[in-house]
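Shown next, in C-alpha cells, is the structure this report addresses.
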Amino acid sequence: MSIRWKLVSIYITLVFIVMLVSGTFILIRLNSQETENAQQELKQCALYINEQIIQEYQNPDDFQTGFENLFLVRSQNRSIQGNILDSSGHTIASSVTNDKNLFTDYKNSVVISALAGKESFGSSSRNIDLNSYIKDWISYAYPIFDGSGKTQYVIYVQMDGASIKESLSQSAGTILVAVILALILAGILGLIFADTITSPISVLTNGADMLAEGADEFNTIDIPAIPVKSDDEIGRLTKSFNYMSSKLKKTLSELKNENNKLEIVMHNMTDGVSAFDANGSIIHANSVFYEMLSEIKKDINLNELLETVNVKMEELAPDVTLEKIIKEKEKYLSVSLIPYTISSKQVEGVVAVLQDITKHRRLDDMRKEFVANVSHEIRTPLTTIKSYTETLIDGAIDDKETAIEFLNVINDAADRMSLLSKDLLELSKLDTKQVKFNMDKISLVKLTEDCIKQNIIIAKNKNQSIKFDKPKKDMIIYADYGRIGQVINNIISNAIKYSGEGADIKIKAEEKENNYQVIISDNGMGISQEDLKRIFERFYRVDKARSRAMGGNGLGLSIAKEIMEGHGGSIKAYSQPSKGTDMILIFKKP
Ligand code: ADP
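Under our numbering, the sequence shown has 289 at position 178, and the numbering climbs by one with no breaks.
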C-alpha cells in the first residue's frame with residue numbers, strides 16, 4: 112500500500128474513532144438529560160395530582176372524577192398516566208380509564224418503596240397498556256402521608272419512554288449522518304493532505320529510480336536537480352538528494368572515464384590479458400586474448416586455461432609468476448600466470464598475460480642458423496687451406512709445379528674467406544644502419560649500361576647475349592652510384608651464373624606510374640616456387656655445391672635487398688624452373 116493511501120486510511124480511522132467516541136458520549140449525555148427531564152416532569156405531575164385531586168377532593172371516591180376533569184387532555188398529549196393507590200397498593204383512581212374494574216394493581220418495586228414511605232423512580236417494560244403491546248415506561252411513585260405519618264395514598268405516575276428513545280434515535284441518526292459527512296470530508300482532505308506530502312516524495316523516488324538505472328548501466332544520464340519547494344524535512348531531503356545525485360554523477364563519470372581509459376589500454380594492447388576471480392570465473396579479458404587462443408570460448412574459466420597451458424592449480428602460489436610457452440596453431444605463445452592476493456595470503460585470482468613470441472622464436476632460430484652457416488662457410492676454405500698447407504709441408508713444396516698449384520688453391524680459399532668476411536661486415540653494417548650512402552642524382556640508364564659493360568666479357572665467355580631495352584627518356588634517381596651498381600652487377604652476374612651456354616639475358620629499364628624499374632630476365636635454370644620465397648635469406652642457396660663452385664656464398668641477394676630497401680626501393684623475383692628468372696629492381700622516383 113502506498114504512503115498516500117496509508118495516510119488517508121489513518122486519517123479516516125482517526126476521524127472515525129473521534130466521531131464514534133464523541134457521538135457515543137453525546138448520546139449518553141442526551142439520554143441522561145432526557146431521562147432527567149422526564150423524571151422532573153413526572154415529579155411535577157405527581158405534585159399536581161396531589162394538589163389538584165387529593166388535596167382538592169379529599170374523598171377517595173371523588174378522585175376518579177378529579178382525574179377525569181384534570182388529565183383528560185394531558186394524558187393524551189404527554190403520554191403520562193397518573194394513578195392514585197391506596198395504602199395497600201390498590202388503584203383507586205387512574206387517568207387511563209374511568210372503569211375502575213380495569214384498574215391494575217401496581218405492585219412493582221417503585222410502588223412498594225413508596226408504600227414504605229419513600230419516593231422513587233423506576234423504569235419498566237411491561238404489557239401494561241390496554242392495547243397490549245410492550246412499552247417502556249418511566250415511573251414515579253410518591254407517598255402521601257396521613258396525620259400520623261403513615262402512607263395514606265401513593266401517587267403513581269408513569270410516562271411512555273418511547274419519546275425519549277425516539278429523540279435519541281433521531282440524534283443518533285443525525286450523528287451518523289455527521290460521521291459519514293465527516294468521513295467523506297476526512298477522505299478528501301486526507302487525500303489532499305497526503306498528496307502534499309507524497310508528491311514531493313514520489314518526485315524524489317522517480318529521481319532516485321532514474322539515478323539507480325543510470326548507475327546500473329554505468330551511465331551518467333542527466334537528471335535535472337529536483338526543485339526544493341519547502342523548508343521542511345522533505346525540502347531538506349530533496350536538497351540532500353540533489354547534492355548526492357550530483358556527487359554520484361561526478362563519481363560515475365569519473366569511474367566511466369577510468370573505465371574507458373582501461374578499456375582503451377586493454378583493447379590496444381598487443382598482449383592478451385585476462386583476469387580470473389577466486390572461483391576461476393573470468394572477470395575481464397581483452398579481444399587479443401580471445402584472438403590468440405582461437406579455440407577458446409567466451410566464458411573460459413581458469414581450469415580450462417590451465418589445462419590448455421598444462422599447469423596444475425597447485426602450482427600457483429601467491430605473487431609468483433609462472434611462465435609457459437605453448438604452441439597455438441602456427442604461433443608460439445608465452446603465457447604468464449600471475450596469481451594475486453588482495454587482503455588475505457591466499458590466491459584470490461589469477462591474471463593471465465599472453466604474448467605472441469613467434470617473431471622472437473623465428474629470429475632466434477634465424478640467429479642460430481646464421482651462426483651455423485657462418486661457421487660452416489669459414490670451415491670449408493679453412494679446411495682447404497690447412498690440408499694443402501700440410502701437404503706442402505709434408506714435401507709437396509719441393510715439386511715447384513705442384514707447389515704453385517697448391518698455393519693457388521690456398522689463395523682462392525683465402526680470397527673466399529676475405530670475400531665472406533667483407534660481405535658479412537657489409538651486411539652487419541647495413542643491419543645496424545652504419546652504412547652511409549653517398550646519395551646523388553644519377554642516371555639509372557647510364558648506370559645499367561655501365562654494369563652491362565662490366566659483365567659483357569663473362570657473358571661472352573658463356574656465349575650469352577645481353578640485350579638492353581633502353582627507355583626513350585632518361586630515368587634520374589637519387590641514390591648511391593656505387594651501391595646500386597653493386598646490386599645491378601650482382602643480379603646480372605647471377606643471371607649469367609645460373610643460365611647455361613648461349614642463354615639470352617634481357618634487361619629493360621622503364622618508367623612506371625609511381626616508380627622506375629630495371630628488369631633483368633634470363634632464360635636459365637629458374638627457381639622453384641618453394642625456393643623463390645627464400646632466396647633473399649642470408650646464406651640461402653638453391654644448389655649449394657653449384658653456387659660454391661661459382662664462388663657464391665648466398666649473401667649477394669640479401670645484401671642487394673638491404674641496399675634497395677636502404678634506398679626506399681625494393682627487389683622482387685619471379686621465376687619458373689628451367690624457363691628463366693625475372694628480377695625486378697624498383698626505385699623511388701626522386
Ligand atoms: P650466390 O652467391 O649463391 O649467388 P645469391 O644471394 O646471389 O647467392 O643468390 C641466392 C641463390 O638464388 C643462388 O644460390 C641461386 O640458387 C639463386 N639464384 C639467384 N639468381 C638466380 C637466377 N638468375 N637464376 C636461378 N637462380 C638464381
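Don't be surprised by glycine CBs; every beta carbon is placed ideally from N, CA and C.
All figures in this text were calculated on a predicted structure; none of them were measured in a lab.
| Query | Result |
| --- | --- |
| Asn600 Cβ short of 7 Å to the ligand ADP heavy atom set | no |
| Beta carbon of Ile449 nearer than 8 Å to that of Val461 | yes |
| Burial state of Asp591, where buried means 16 or more other Cβ atoms lie within 10 Å | buried |
| CB contact flag (Asn194, Ile255, <8 Å) | no |
| Ser250 versus Tyr159: straight-line alpha-carbon distance, rounded | 15 Å |
| Contact belief for Val384 with Asn397 at Cβ below 8 Å, rounded distance in angstroms | 5 Å |
| Top-ranked residue by Cα proximity to Ile394, from Arg140, Leu413 and Tyr354 | Leu413 |
| Secondary structure of Glu648, DSSP reduced to three states | coil |
| Ala396, enclosing beta strand (DSSP E) - first and last residue | Ile393 to Ala396 |
| Straight-line Cα distance separating Ile515 from Gly665 | 29 Å |
| Met528 beta carbon near the ligand ADP (any heavy atom closer than 7 Å) | no |
| For Ile638, the nearest candidate out of Asn626, Arg652, Gln628 and Val629 (CA to CA) | Arg652 |
| Three-way DSSP call (helix, strand, coil) for Asp505 in this model | coil |
| heavy atom of the ligand ADP below 7 Å from Ala606 C-beta | yes |
| Leu279 beta carbon less than 8 Å from that of Asn142 | yes |
| Neighbourhood of Ile411 by C-beta distance below 7 Å, restricted to the same chain and skipping five residues each side | Ile393 |
| Bridge partners - Pro701, DSSP secondary structure assignment | Answer is none; Pro701 lacks a bridge partner. |
| Asp343 versus Val458, Ala319, Gly679 and Pro311, residue with shortest Cα-Cα distance | Pro311 |
| Asn574 and Gly635 closer than 8 Å at C-beta | no |
| Integer Cβ distance of Ile695 from Leu541, believed to fall under 8 Å | The Cβ separation is near 20 Å, so there is no contact. |
| Buried or exposed by the 16-neighbour rule on C-beta atoms within 10 Å, applied to Ala297 | buried |
| Reduced DSSP category for Ile436 - H, G, I as helix; E, B as strand; rest coil | strand |
| Cβ-heavy atom distance, Asp509 to the ligand ADP, below 7 Å | no |
| Alpha-carbon to alpha-carbon, Gln466 and Ile599 | 41 Å |
| Residue-chain proximity (Pro338, chain D), Cβ-Cβ < 8 Å | Here there is only one protein chain, and chain D is not present. |
| Buried versus exposed, by CB contacts within 10 Å (16 or more), Thr202 | buried |
| Leu213, DSSP secondary structure in three states | Legend: pLDDT at Leu213 = 47, less than 50; position of this residue unreliable, no value from coordinates given. |
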